[in-house]
Every structure is written in structure tokens, then in C-alpha cells.
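Numbering (our numbering), first residue to last: 79 to 509.
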Amino acid sequence: MQYTGSIDNRGILEIIRRSCSYVDARLMNHGYRVAYIVSEMLKPYFHEDARKIRDVCFLALLHDIGAYKTDEISKMLQFDTDDVLAHSVYGYLFIKYFSPLKKLSGAILLHHATWQVLEHSEVFPEGIRLLAQVIHVADRIDVAMEVQHLTWEETAALLKKGSGTKFSPVIADLALACDFHTPFEGDTDAESLFFQLFSEIPLTQDEITDYLKMLIFTIDFRSRHTVTHTITTTTISAELAKRMGMNEEECNQIICGSMLHDLGKIGIPVEILEYPGKLSPQAMNIMRTHVDITEKIFGDVIEDTVKSLALRHHEKLDGSGYPRGLAADDLSTGERIVAIADIISALSGTRSYKTAFSKDKICTIITEMKDAGLIDAAIVELMISDYDEIMEETRIQCQPILDIYVLIQKDFDRISQAMTVDDIAGMKAVF
């Protein structure tokens with residue numbers, strides 16, 4: 079599963095920024111501002127290692143990605159924090175397994191640990207401990223100024239007071255040497271310089287894919303029932319496209335669109351995503367907004383063809399689908415493929431209230447939908463005729479993701495038992 083579209087560093091930054099903002103309104107642009115603060119703190123070292131600084135800024139942007147799996151946000155947004163381990167562990171694991179930043183991921187695990195805890199630890203390399211402090215200090219600056227509405231002078235006083243205990247004196251001094259009087263957002267000169275730093279070393283195609291996968295699996299890993307939904311939808315889409323004789327470019331676009339089709343679910347409340355039964359009309363209306371949220375996250379970063387493939391997976395040929403009520407004349411073959419793949423993925427997967435449907439039941443359901451004029455007849459017939467081969471390839475593609483899901487759950491339990499924010503000695507066996 080590789081994203082082959084054209085996205086630059088700024089585009090990925092914007093997608094991550096908007097995605098994280100939908101986790102919780104209180105985190106709106108928090109990671110973006112923390113990344114900026116980090117960039118200012120590390121600016122004197124930029125020309126020594128531009129790639130490392132770029133990666134650290136991406137790490138700062140993502141530092142709270144694990145909050146999507148926890149209920150710790152209120153505690154995170156206080157200047158003095160404790161008992162906020164869960165989101166740090168999940169964030170560490172998502173970045174370790176799904177991002178290009180594996181070597182730096184330990185800093186996310188420790189980004190709420192105080193310096194008096196980290197200073198003499200032999201468990202973590204010095205570079206990781208200092209990097210964790212860079213993110214910690216930047217995070218606390220943003221919380222103080224944007225959430226608690228303190229002035230820069232008041233924030234600086236807190237940094238000085240905590241220097242040597244909460245904060246590394248070296249890192250605190252890096253922050254104190256900066257001038258954060260002017261809010262970053264709205265300062266066009268500051269934003270321009272920030273994006274220039276981000277773009278100095280372009281991301282590779284593999285790095286872009288890894289960042290997108292991390293966002294996708296952050297959503298899919300919310301529940302054991304949805305772990306393989308995206309990879310199943312993508313694999314079925316790709317197999318159908320190849321069997322229909324589509325060229326390489328068309329197949330790649332379909333892979334990209336199906337890969338991104340549920341990104342907006344990051345903005346849907348977990349109680350709706352995991353509801354054990356049929357949703358009420360009110361809850362269904364909220365669920366349906368995931369398509370609109372996906373569109374907002376894309377902005378103008380995703381190319382139009384891929385965008386349409388992702389956004390039209392709930393449209394029906396008779397115009398009864400959502401969100402636009404498009405009909406057959408409006409829907410391309412690729413869009414019809416992704417829609418059918420999404421349906422089969424849902425039917426073949428488990429839920430808290432149902433087991434996976436059998437081949438016969440799935441084929442019956444999609445045949446009934448075809449006969450009702452809802453989905454494409456030719457694609458349905460191809461799916462039924464090649465069902466076993468397509469689903470076997472899907473099983474093969476899903477297994478590594480299932481293995482990582484199990485590993486992350488085990489790692490989370492093991493790490494959580496081995497450490498607290500104030501006791502990291504037990505981490506030697508798991509880091």
C-alpha cells in the first residue's frame with residue numbers, strides 16, 4: 079500500500095495538522111504551534127543538520143498523536159501535568175511502527191517526564207532525553223500561552239523556576255533565548271520561515287506514505303474490529319482495478335483514494351465508531367460527516383482524482399448515497415470500485431455485535447444491491463467470480479497489520495506496567 083500522488087513537505091504538514099486538530103477541539107493547532115516553537119529553539123543548529131531538525135519538527139507536530147486513543151486531553155492541557163502516560167505510550171508506538179521517525183520515537187514516550195527524572199537515567203540515550211525535553215518545554219510554552227493565556231514574560235518566569243527540576247537548564251535556556259511575544263499564527267513572516275525550514279529537505283515517497291499510514295492506522299487501531307478495514311478496502315480495490323484492465327496510473331490513483339477514504343473518522347466520537355449495534359438516526363448523521371471531515375483534511379493538497387475516489391465511497395448509482403447524492407452519470411469506474419470494496423470490507427469484517435459474514439452471505443447482499451441499482455453490476459459480477467482469489471490476497475496483505483496491532487497492544491500493556499512518568503527505571507526491558 080503506497081501513496082504515489084504528489085505531496086510536498088508542507089502538504090503533509092497541513093494534512094497532519096488538520097487531522098490532529100479533529101482529535102479534539104482543545105488540541106486545535108497545538109501540535110503545529112509546538113513544532114514552530116521547537117523550530118525556533120533549534121534554529122541556531124539548523125545548518126549543522128537540516129534533516130535532523132526537519133524530523134524533530136515533524137516529531138513535535140505529532141507528539142500528541144496518541145491522544146486519539148485516550149481520555150487524557152484535559153490533563154495534558156494543564157501546565158503542571160501528571161498521570162498522562164497513556165497517550166505518550168500510544169504516540170510512541172504509533173511513531174515507532176508507522177512513521178519514518180522510529181529512531182526518535184523514544185522522545186515521545188518521555189515528553190511529559192521531568193528533567194529530574196531523566197537527567198541521570200541510564201535507560202535512555204542522552205540525545206533522546208534531551209529531545210524529549212525540547213518537546214516538553216515547547217509543549218508547556220504553548221499550553222501556558224495559548225490555553226492559560228499567560229504572557230511570554232510570565233511563561234519565561236515559569237521556565238526559569240522549573241529549570242533544573244522540571245526542565246533541563248540547557249533546553250530551558252534555548253527557549254528563553256527566543257522571543258515568543260508575537261503569536262505565531264497570523265504572523266506571515268514567521269510562517270513563511272517555518273515552512274521554508276520544513277521544506278529544505280524534501281520527504282521521500284516512502285516517508286510520505288509512512289506519515290499517511292500512521293494517520294490511517296491511528297484511526298483503524300481504535301478498535302480491534304476495524305484494524306484491517308483500510309487495508310482490506312485498498313487491497314480489494316486494487317485487485318478489482320487490475321482485473322478490469324485499468325492502466326498503472328489508474329490503479330495507483332485507486333489505491334491512493336481507497337487508502338485515504340476514511341481519514342475523516344479521526345473526527346468522529348469513539349462512542350459512535352464503536353457503538354455495538356445499529357446507530358440511531360442522529361448518530362448516523364454524525365457518522366456521515368466523516369466524508370466532509372475527510373474533504374476538509376485534504377484541503378487542496380490531494381489531487382482531484384484521488385480526492386473524488388476517496389470522497390465518493392458512500393455514493394450510490396441511484397442517487398440515494400451521501401454526502402452529495404450523486405448518481406450513475408457522476409461516478410467513474412474507479413469510484414464505483416472503491417464503493418464496492420468498502421462495502422465488502424465492512425461485511426467481511428467483525429464488529430462487536432456481529433461476526434464476519436460468509437462468502438455466500440456477502441455475495442447475496444452485493445447481488446441484491448446490484449439488482450436494486452445501487453452498485454455497479456459488472457464490478458459485482460467480477461468480484462463474485464474472483465472472490466476467493468481476491469480475498470486470499472486481502473488476507474495476505476492484512477496479516478502484517480494484524481501482527482503489528484497485537485504487538486502494539488502487548489507493548490502498551492508491558493510499557494505501562496513498567497513505568498510511570500516519575501519512575502522510568504523499569505523501562506530497560508522494553509525500550
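Glycine included, every Cβ here is placed at the ideal spot set by N, Cα and C.
One Cα belongs to PRO347, the other to GLU126, and the distance between them is close to 43 Å.
Cβ atoms of ILE173 and LEU139 stay farther apart than 8 Å, at about 11 Å.
Inclusion of ILE94 and THR306 in the CB contact set at 8 Å is not warranted, their separation being larger than that value. Around the C-beta of VAL167, 16 or more other C-beta atoms lie within 10 Å, and the residue is accordingly described as buried.
Taking ALA406 as the centre and dropping the five residues before and after it, the same chain places the C-beta of LEU395 closer than 7 Å to its C-beta, in chain order. Judged by their CB atoms, ILE186 and VAL215 are not nearer to each other than the 8 Å cut-off.
In the structure shown, the three-state DSSP call for LYS432 is strand. Judged by beta-carbon spacing, SER423 lies within the 8 Å limit of THR311, meaning their Cβ atoms are closer than that value. Excluding residues up to 5 positions away in sequence, LEU318, ARG414, ILE415, ILE418 lie with their Cβ nearer than 7 Å to the Cβ of ILE457 in the same chain.
ALA455 sits in a helix when the DSSP states are folded into three classes.
Judged by pairs of C-beta atoms under 8 Å, the segment 272-290 does not touch the segment 385-393, as fewer than three such pairs exist.
Here PHE245 carries a strand assignment [DSSP, helix/strand/coil]. Going by C-alpha positions, THR260 is about 31 Å away from GLN194.
Contact between LYS374 and ARG88 is ruled out by a C-beta separation of about 17 Å, above the 8 Å threshold.
One Cα belongs to ARG129, the other to VAL112, and the distance between them is close to 18 Å.
With a contact defined as Cβ atoms closer than 8 Å, MET79 and ILE421 miss out at about 19 Å.
Under the three-state reduction of DSSP, ASP127 is assigned to coil, being neither helix nor strand. Inclusion of PHE272 and SER117 in the CB contact set at 8 Å is warranted, their separation being smaller than that value. Collapsing the DSSP output to three states places ALA406 in a helix. Contact annotation: MET322 and LEU460 have beta-carbon atoms nearer than 8 Å. Separation of LYS343 and ILE468 (C-alpha to C-alpha, rounded to the nearest whole angstrom) is 26 Å. Counting C-beta pairs with one atom in each stretch, the segment 471-487 and the segment 434-454 have fewer than three that are closer than 8 Å, which means they do not touch. Restricting attention to THR428, ASP298, GLY412, VAL369, the CA atom closest to the CA of ARG402 is found in VAL369.
At the C-beta level, VAL101 and LEU209 stay beyond 8 Å of one another.
A Cβ-Cβ contact shorter than 8 Å links LEU252 with MET119.
In the DSSP assignment, the residues bridged to ASP396 are ALA405.
In the three-state reduction of the DSSP assignment, ALA255 falls in the coil class, being assigned neither a helical nor a strand state.
Taking a cut-off of 8 Å on C-beta distances, the segment 424-438 touches the segment 298-305, as three or more cross pairs fall below it. The DSSP-derived three-state label of SER177 is coil. Boundaries of the alpha helix (DSSP H) around LEU318: 307-321. Taking all protein chains shown into account, TYR81 has 16 or more neighbouring C-beta atoms within 10 Å of its C-beta and is therefore buried. With fewer than 16 other beta carbons inside 10 angstroms of its own, THR433 counts as exposed.
Ranked by Cα distance from SER315, the options THR192, ASP217, GLY412 are led by GLY412.
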